[in-house]
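Going line by line, the protein sequences match chains S and C.
Each residue of the first sequence is one higher than the one before, starting from 886 at the first, in my numbering.
Each residue of the second sequence is one higher than the one before, starting from 886 at the first, in my numbering.
Where is the CB? At the ideal position from N, CA and C, for every residue including glycine.
Protein chains: 2
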Amino acid sequence: MTTITGFDVYDVRFPTSSSADGSDAMNKDADYSAAYIVLHTDDPDTFGCGFTFTIGRGNDICAAAIEQRALPLLGREAAQLCDTPGTTYRMLKQDSQLRWLGPDKGVEHLALGAVMNAVWDMAARRAGLPLWKLLAGMTPEQLVDATDLSYLSDVLTRDEAIDMLAKLELTKQERIDQLEWTGYPCYTTSAGWLGYSDDKLRRLCQEAVDEGYRHIKLKVGANLEDDIRRLGIAREVIGPDANLMIDANQVWDVPEAIAWVRELAQFKPLWIEEPTSPDDILGHAAVRDAVAPVGVATGEHGMNRVLFKQLFQANAIDYCQLDACRLASVNEILAVQLMAAKFGIPVNPHAGGVGLCELVQHLSIFDFIAVSGDLAGRVTEFVDHLHEHFTDPCLVSDGAYVLPSKPGYSAQMFQASLDRFAYPNGSFWAATPRGSAERSRRARRVAEGTAFASVRSGEIS
Amino acid sequence: MTTITGFDVYDVRFPTSSSADGSDAMNKDADYSAAYIVLHTDDPDTFGCGFTFTIGRGNDICAAAIEQRALPLLGREAAQLCDTPGTTYRMLKQDSQLRWLGPDKGVEHLALGAVMNAVWDMAARRAGLPLWKLLAGMTPEQLVDATDLSYLSDVLTRDEAIDMLAKLELTKQERIDQLEWTGYPCYTTSAGWLGYSDDKLRRLCQEAVDEGYRHIKLKVGANLEDDIRRLGIAREVIGPDANLMIDANQVWDVPEAIAWVRELAQFKPLWIEEPTSPDDILGHAAVRDAVAPVGVATGEHGMNRVLFKQLFQANAIDYCQLDACRLASVNEILAVQLMAAKFGIPVNPHAGGVGLCELVQHLSIFDFIAVSGDLAGRVTEFVDHLHEHFTDPCLVSDGAYVLPSKPGYSAQMFQASLDRFAYPNGSFWAATPRGSAERSRRARRVAEGTAFASVRSGEIS
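Below, the structure is given as structure tokens:
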């Protein structure tokens, strides 16, 4: 019997704000980060890695929340945790004191997602399968047992979910064979960060076309004239038939979104992404009505399954961009995939950041095999950075994710990366003024014996 | 010139789970807690206290988030922070890295609320006025400058908000005079916790009637037969004309909520509170359609102004129960009060917990004086516990909050209470097995030099 003997939590931060990678109209100085957990057992070959993605400050808050969320796993049997992931999820989620801090949103939900990502990673490793294949091999009943259907019965019952999955059961192998051949279609955002110069934009668009991409996404929303000029460049390079998507990262109110997108409609964008607050279901519905045929996409900040339920009910979106680390792992993602399939909305997950591409490839592949059975309108994000820190990095070829073949959820980072980029004690940060100041601050706190925080002016540089 | 020289953050927890105080169908073992901050200046008479309310575990996570959120205040001029609270709020809120962890929800939003509560407390103390009076003395322009109207322009513009406030400007003193005489109407939840016996319920209902309450609220949702019996007892004691409210604390899906409330409609509840997920705007609208004339109320878990905007747009609620610590303090609460007034929905704030009654009395009093101008359907929650820890406890007489007269937001706790109930080092917790184990765990962590968390089985008792 293999049991959970402990875990390690890491606050890992990459200094991406020093380039303009990841810059958009809302997030100008992101340090792409992961609050990362490794679950250990008494068998060194049985472990699980998981994380949530953040953009810098507050990654320590997530790490602290992850530690609390993971405590109930200690001493439990790995087989039981992995074989009944729905039960594991409900055990972790049921803490009513932690629930108060959400419910099902914010730091506590990110933390639950990170811990369950590690459980799913362990489950796939134990099975000797990549996660998508573990999921594809589960029966409809097993999948629905693992799914968080709470608060959803007005649009999706357990029986309905089982029926949906059962209908695709017999043809799963056909779709696996198809994807082994073609890969899963993806698009690139690497060209379109807001901080890039026009020349760099032009060059990166051409490179994307040359690499086989049929979809390219640009950030917009900071300045209308700039957006018009940049979209003109991109459309010129990619030609009239390739797909151009635009992403405003929530900077607009609803009326402003409508006016701005109408100005950009001349470049025939496939979708406008995050036109306004991610919480504004009715706002997205209003934008969608007003800017058609430009589609509306959102979801990377979609906090939970109840939000997505309403986005579907209100006909508010054309594309569902769920996030593998913002939702509470596969258990909640299954619910959103099932609802999206019922409403006929393509799920095109958000990716980029740290390790999101590694995770979402599994989700999209499984979605096609077992939930939607459809590739129409499907294209999953790909951003080409930070993959070198992962032991099983995603592989993209000719505009498509190649099916992962190694056991797990592709969630493991190299120990050398953790040692170098752990904040503030890793070798990279310890050598910076910021890391050094933070180390001193923490040491002083420890010396004074103050867990919380007697902070005095001058302490913070 | 007085500047912010530092702050202290406390993780304060009261062992309320040892009685059944606060027990409901969702939250069975709440330890009422506050993540509490005191802002200091170089003038000992100039300080500000603020907090967010939690129910136990995770209060440390909120405290850590509060520390980060408050850092930008260090070294700033108190006068400027207090005289332009909208600017202060936007400065703290604009951190895009912390925004990623929400946005505007969960732990980070609770923390922003706590810090801004302390700023408003300081502002009122500096003015020598109770907060309600400080707000009532501000011009429409000043109030709207302090209000977070972002993402709201499709239902409320700045000009519209100013016009609404200006219309009530000349008659404010009449309403102040009225409230000085009558107090602000409240209701009690002290009678109706789910864990109380029938005899205790009967006795507490009778006491509430004797104390002048015309509204009594009971928790429901755990067991339908129990609910029917308990509502029968309550209705019998309070008579046919007093108002009985029921509160399910989010335990139902939408169809279940409709069915259950129809069974309880025989007792003529004024409202059903939190029938389902607090995020489910369309779900609340469906419940409201189905259970009328029973009203629908929600808001204590209403995460932000965008959620409330949609609750109003969708005609989803009859009563808005915003929470003084879940929203980001007065800056966001003003936005919700203004929208509620525009849509004609009474704002009946959630209270109880730790210090929520102390805060919401100011908000409700101000709401009547300057925003709604109306008492129809208005009744603010009151729960009679833990007030003894506050230096300016709320005072209720004959079913109404007596207008607070001391300077501030009534947010200051006694140092003796902080010293006794700080977790885990306060004298109360240090003497308990749980507090003692937690102290050992933290000491071991410090000795090992691990900020995050190398946790091994057996470490946690």
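Cβ-based burial, C:Gly960 [other Cβ within 10 Å; buried from 16]: Exposed, by the Cβ-count rule.
Using a 10 Å radius around the Cβ and a threshold of 16 neighbouring Cβ atoms, would you call C:Trp1066 buried or exposed? Counting other Cβ atoms within 10 Å of its Cβ, C:Trp1066 stays below 16 and is therefore classed as exposed.
S:Asp1033 CB to nearest chain C CB: under 8 Å? Closer than 8 Å: no.
Give the residues of chain S in contact with C:Ile1166, contact being defined as C-beta atoms less than 8 Å apart. Ile1166, Leu1167 and Gln1195
Any beta-carbon of chain S closer than 8 Å to the one on C:His1186? yes
Use the C-beta contact count for C:Met841: other C-beta atoms within 10 angstroms, 16 or more gives buried, fewer gives exposed. No statement about residue 841 of chain C is possible, as the shown extent of chain C runs from 886 to 1346 and does not include it.
Extent of the continuous beta strand (DSSP E) to which S:His925 belongs: Unbroken beta strand (DSSP E) run through S:His925: Ser918 to Thr926.
Below-8 Å beta-carbon distance, C:Ile940 vs any chain S residue: True, the Cβ-Cβ gap to chain S drops below 8 Å.
C:Thr888 to C:Trp1005, Cα distance in whole Å? When rounded, the distance between both Cα atoms is 15 Å.
Which of the residues in the region 890 to 911 of chain S, read from start to end, lie with their CB under 8 Å from any CB of chain C? Thr890, Gly891, Phe892, Asp893, Val894, Tyr895, Asp896 and Met911
Below 8 Å on the Cβ atoms is my contact criterion, and I expect S:Cys1071 with S:Phe1267 to pass it. Report the Cβ-Cβ distance as a whole number of Å. 4 Å
So, for C:Ala950: in the same chain, excluding its five sequence neighbours on each side, which residues have a beta-carbon less than 7 Å away from its beta-carbon? Val992, Glu993 and Ala996
So, with DSSP's three-state summary, where would you put C:Val1075? Residue identity differs from the one stated: residue 1075 of chain C is Ser in this sequence, not Val. Correct three-state label for C:Ser1075: strand.
List the endpoints of the continuous alpha helix (DSSP H) containing S:Arg1060. From DSSP, the alpha helix (DSSP H) with S:Arg1060 extends over Lys1057 to Thr1067.
Can you find a C-beta in chain S that's less than 8 Å from the C-beta of C:Asn1189? Closer than 8 Å: yes.
Secondary structure of C:Tyr1204, DSSP reduced to three states: strand
Taking C-beta to C-beta, are S:Cys1090 and S:Ala1107 nearer than 8 Å? no
Let me confirm a value: C:Val1340 is counted as buried when at least 16 other C-beta atoms fall within 10 Å, else exposed. Which label applies? Counting the other CB atoms within 10 Å of its CB gives C:Val1340 a total of 16 or more, which places it among the buried residues.
Any contact of the region 1131 to 1138 of chain S with the region 1091 to 1105 of chain S, i.e. 3+ C-beta pairs under 8 Å? yes
Endpoints, alpha helix (DSSP H) assigned at S:Ile1047: Arg1043 to Glu1054
Along the alpha helix (DSSP H) that carries C:Glu1121, what are the first and last residues, could you check? Leu1109 to Ile1123
Excluding the 5 residues flanking C:Thr901 on each side, which residues of the same chain have their C-beta closer than 7 Å to its C-beta? Gly907, Ala915, Asp916 and Tyr917
Would you say S:Cys947 reaches chain C, if we count a Cβ-Cβ gap shorter than 8 Å as a contact? yes
Please classify C:Leu1055 as buried or exposed, where buried requires at least 16 other C-beta atoms within 10 Å of its C-beta. exposed
DSSP three-state assignment for S:Lys1227, whether helix, strand or coil: Looking at S:Lys1227 - three-state DSSP - the assignment turns out to be helix.
Short of 8 Å in beta carbon distance, which residues of its chain neighbour C:Val1172, apart from the five on each side in sequence? Order them along the chain. Val1139, Ala1142, Ile1143, Val1146, Ile1157, Pro1160, Thr1161 and Val1181
May I ask you to report which of helix, strand or coil DSSP gives C:Tyr1286? Strand.
Please report the residue range of the alpha helix (DSSP H) in which C:Leu1149 lies. Val1139 to Leu1149
Starting from the C-beta of C:Gly891, find all residues in its chain whose C-beta is less than 6 Å away, skip the five residues before and the five after it, and write them out in chain order. Cβ within range, chain order: His925.
Rounded to whole angstroms, what is the Cα-Cα separation between S:Thr939 and S:Ala948? The alpha-carbon atoms of S:Thr939 and S:Ala948 are separated by roughly 11 Å.
Just verifying my parser: in three-state terms, what is the DSSP assignment at C:Val1256? helix
I need the boundaries of the alpha helix (DSSP H) containing C:Leu944, first residue and last residue. A small correction: the amino acid at residue 944 of chain C is Asn; Leu does not occupy that position in the sequence shown. From DSSP, the alpha helix (DSSP H) with C:Asn944 extends over Asn944 to Ala955.
Would you call the region 1206 to 1214 of chain C and the region 1183 to 1198 of chain C in contact, with 3 or more CB pairs under 8 Å? yes
Kindly list, in the order they appear in chain C, the residues whose Cβ is closer than 9 Å to that of S:Asp980. Arg942 and Gly943
Tell me the DSSP bridge mates of S:Gly1180? S:Trp1156
With a threshold of 8 Å between beta carbons, is C:Trp985 in contact with chain B? The question asks about chain B, but that chain is absent: this structure's protein chains are S and C.
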